[in-house]
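A.B. asks:
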Amino acid sequence: MTNVEQNKGEASLAQGVTALLEPVALLHDEKMKKILASQEALEKQIDRFSAEILKLKDKENNAMLSFYSSKLATSRKRLKKVETTVMQIQDRVENIARMHEQLLAAEKKQEQEKNGACSTADAEEELKEQESPDDTKEKS
């Protein structure tokens, strides 16, 4: 197997894998955006509810309010962890997409350079062929 055949095989494999994974990545990216939006809405509701509990807690010294206040604080911490994880995943997906675009651009540039080199070699060959018949006529 020549290098050209191997490169074509690798390129075909890369295109196949990309075609397979791209829709999945886009679907997950959309889901991540929805998760972040719902996380933000949930965070606002937790903050609002915590403020109301604190108001009631200040008016009444109720053990149940303290219990729910601490549960909300724990929920807020968990929410922040999930939000951080989702943002990290989204950053990774964006990095993968960026690297994919760069790879495609590099492959396209390489293909154009390769085609340009072939075109130059073909043009030189045609010039030689055109000069050869004239040279034989002049010698006769």
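Going by UniProt numbering, the first residue of the sequence shown is number 1, and it counts up by one from there. The beta-carbon is built from N, C-alpha and C at its ideal position, and this holds for glycine as well. Computed from a predicted model, the values in this text were never measured in an experiment.
Any idea what DSSP makes of residue 84, helix, strand or coil?
C.D. replies: DSSP places residue 84 in helix when its eight states are reduced to three.
A.B. asks: If you pair each beta-carbon of the stretch 80-91 with each one of the stretch 24-42, do three or more pairs fall below 8 angstroms?
C.D. replies: The stretch 80-91, when compared against the stretch 24-42, does touch it at the 8 angstroms Cβ threshold.
A.B. asks: Taking the alpha carbon of residue 25 as the reference point, which residue from 97, 116, 109, 106 has its own alpha carbon closest?
C.D. replies: Of the candidates 97, 116, 109, 106, the one whose C-alpha sits nearest the C-alpha of residue 25 is 97.
A.B. asks: On the three-state DSSP scale, how would you describe residue 95?
C.D. replies: Residue 95: helix per DSSP, three-state reduction.
A.B. asks: Throw me the rounded Cβ distance for the residue 72 and residue 50 pair, which I believe falls under 8 angstroms.
C.D. replies: Going by Cβ atoms, the distance from residue 72 to residue 50 rounds to 5 angstroms, so yes, they are a contact pair.
A.B. asks: Taking the Cβ atom as the reference point for each residue, do residue 65 and residue 53 lie within a distance shorter than 8 angstroms?
C.D. replies: A contact, by the Cβ cut-off of 8 angstroms.
A.B. asks: Where does residue 30 sit, in a helix, a strand or coil, going by DSSP?
C.D. replies: Here residue 30 sits in helix by DSSP.
A.B. asks: Which class does residue 18 belong to by DSSP, given the choice of helix, strand or coil?
C.D. replies: Looking at residue 18 - three-state DSSP - the assignment turns out to be helix.
A.B. asks: By DSSP, does residue 60 sit in helix, in strand, or in coil?
C.D. replies: Coil.
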